[in-house]
Structure formats: structure tokens, C-alpha cells
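Student:
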Amino acid sequence: MILCSLQIAEVYLMILDGIQKWVCRMYTQVKMVVGIPINGCGGMKYLFPVIKHMSMITSYITMIMMGRI
Numbered sequence: 000m001i002l003c004s005l006q007i008a009e010v011y012l013m014i015l016d017g018i019q020k021w022v023c024r025m026y027t028q029v030k031m032v033v034g035i036p037i038n039g040c041g042g043m044k045y046l047f048p049v050i051k052h053m054s055m056i057t058s059y060i061t062m063i064m065m066g067r068i
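Just so you know, numbering that gives the first Met the number 0 puts the end of the sequence shown at 68, numbered straight through with nothing missing.
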């Protein structure tokens with residue numbers, strides 16, 4: 000049970016990482032087309048680690064709940 004939720008969390012983080020890279024790429028392309036001088040991904044750099052930590056905390060809570068049931 001615990002291993003299963005750990006694997007799910009790992010896959011979830013991989014998906015989040017993929018989304019982050021894709022958003023960064025799209026953002027950079029749009030920036031180049033529009034010509035707005037914005038550094039890299041700006042707020043994205045700060046937003047995604049927060050989402051990652053939140054998802055990890057959620058998975059730990061899920062694991063604890065599964066352990067108690």
C-alpha cells in the first residue's frame with residue numbers, strides 16, 4: 000500500500016516536472032515572439048517548487064491515512 004502511493008507520488012512529481020519544462024519552453028517562445036524582456040520563467044521558478052512540496056506533503060498524509068485504516 001505504502002509503496003504504491005510512493006510510486007504514484009514519484010510519477011506525479013515527474014509529470015509536474017514535465018509540465019514545468021513545457022510551460023517554460025512555451026513561455027520562452029511567446030516571450031521571443033512578443034519581444035517582452037522577461038527573465039526566463041519569472042514566477043514559475045518559485046511556483047513549481049511550492050506545488051511539488053504540496054504534492055509530497057499530500058502523498059505523505061495519504062500514506063499515513065492508509066497505514067491507519
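Even for Gly, the Cβ is constructed at its ideal location relative to N, Cα and C.
Measuring straight from C-alpha to C-alpha, what distance separates residue 20 and residue 54?
Tutor: Rounded to the nearest angstrom, the two C-alpha atoms are 18 Å apart.
Student: Ignore the nearest five residues each way along the sequence and tell me which others in residue 7's own chain have a CB closer than 8 Å to its CB.
Tutor: Cβ neighbours of residue 7 beyond the five flanking positions: 58.
Student: What do you reckon, are the CB atoms on residue 51 and residue 5 nearer than 8 Å?
Tutor: Taking 8 Å as the Cβ cut-off, residue 51 and residue 5 do not qualify as a contacting pair.
Student: Taking the straight line between their C-alpha atoms, what separation do you get for residue 14 and residue 22?
Tutor: So the two alpha carbons sit approximately 12 Å from each other.
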